[in-house]
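Going letter by letter, the sequence shown gives residues 1 to 164 in full-length UniProt numbering. Here a beta-carbon is modelled for each residue, glycine too, at the ideal position from N, C-alpha and C. Take a look at the structure set out below.
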Amino acid sequence: MTTEDDEFAEFANAHAERLRTTAFMLCHDWHLAQDLTQTALTKLFLSWRRAVQADNLLAYAQKILLRAYLDHRRRRSSTESTPGVLHEPAYRENPELRLTMLDALERLPARDRAIVILRYFEDYSVEQVADVLELPASVVKSQTRRSLTKLRELLSSDQLALFA
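Okay, structure coming up:
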């Protein structure tokens, strides 16, 4: 393996789990999240020479992941569902509340969900989200406000437990 391959392998090993978690929050399906993560890492590997010149390599990878997710949502086959129960990893904290939050996020439109996840779960600034989604900052701000209002409505009965 070359030095570039080693650098990529090190990056992938260090950040694959975080990318998969972000993908899961976007799509709410562990299997699809794994596929999206692999797609993003493959695309990142193919453009590695250009990617390593980015100021924030993780943000670059997350942008690829987000585009892969949005591309998947645009495909007609993205509305297909699989029968059966998918087993998610066990969580240390209250799993019911986590599932409640994930269900509420799933009810948001894809772009709004992406904005909320990037802003509040990945801790991106408004400008960073605008750059990743290629939107004006004013749209990110207004969609964030609307999405948070919608989440408050959806989570009204669980708000105290969720935000304690």
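Measuring only the C-alpha atoms, how far is residue i from residue j?
i: F24; j: M101; result: 13 Å
i: F8; j: D123; result: 24 Å
i: H31; j: L41; result: 15 Å
i: H15; j: A51; result: 15 Å
i: A137; j: V129; result: 8 Å
i: K150; j: L108; result: 8 Å
i: A59; j: L154; result: 30 Å
i: R20; j: L66; result: 11 Å
i: V116; j: E134; result: 15 Å
Going along the chain, which residues of its own chain have a beta-carbon closer than 8 Å to the beta-carbon of residue i, five neighbours each way excluded?
i: S157; result: none
i: A110; result: L26, Y69, L70, R73
Taking the alpha helix (DSSP H) that residue i falls in, what are its first and last residues?
i: Y69; result: 57–74
i: R111; result: 110–116
i: L151; result: 137–154
Helix, strand or coil for residue i, going by three-state DSSP, please let me know.
i: H15; result: helix
i: D123; result: coil
i: R107; result: coil
i: Y91; result: For Y91, the predicted model reports a pLDDT of 39, less than 50, meaning its position is unreliable; a value from the coordinates is still stated below. Of the three classes helix, strand and coil, the one that applies to Y91 here is coil, per DSSP.
i: L86; result: Interpretation of L86 is limited by its pLDDT of 46, a score under 50 that renders its predicted location unreliable; the figure taken from the coordinates is listed afterwards. Looking at L86 - three-state DSSP - the assignment turns out to be coil, as it is neither helix nor strand.
i: Q34; result: helix
i: Q53; result: coil
i: E4; result: helix
i: D131; result: helix
i: S47; result: coil
Please list, in chain order, all residues of the same chain as residue i whose beta carbon is under 7 Å from its beta carbon, the five residues on each side excluded.
i: L44; result: A51, A61, I64
i: A54; result: Y60
Given residue i, which residues of its chain have a CB within under 6 Å of its CB, disregarding the five upstream and five downstream residues?
i: F11; result: none
i: A104; result: L151, L154, L155
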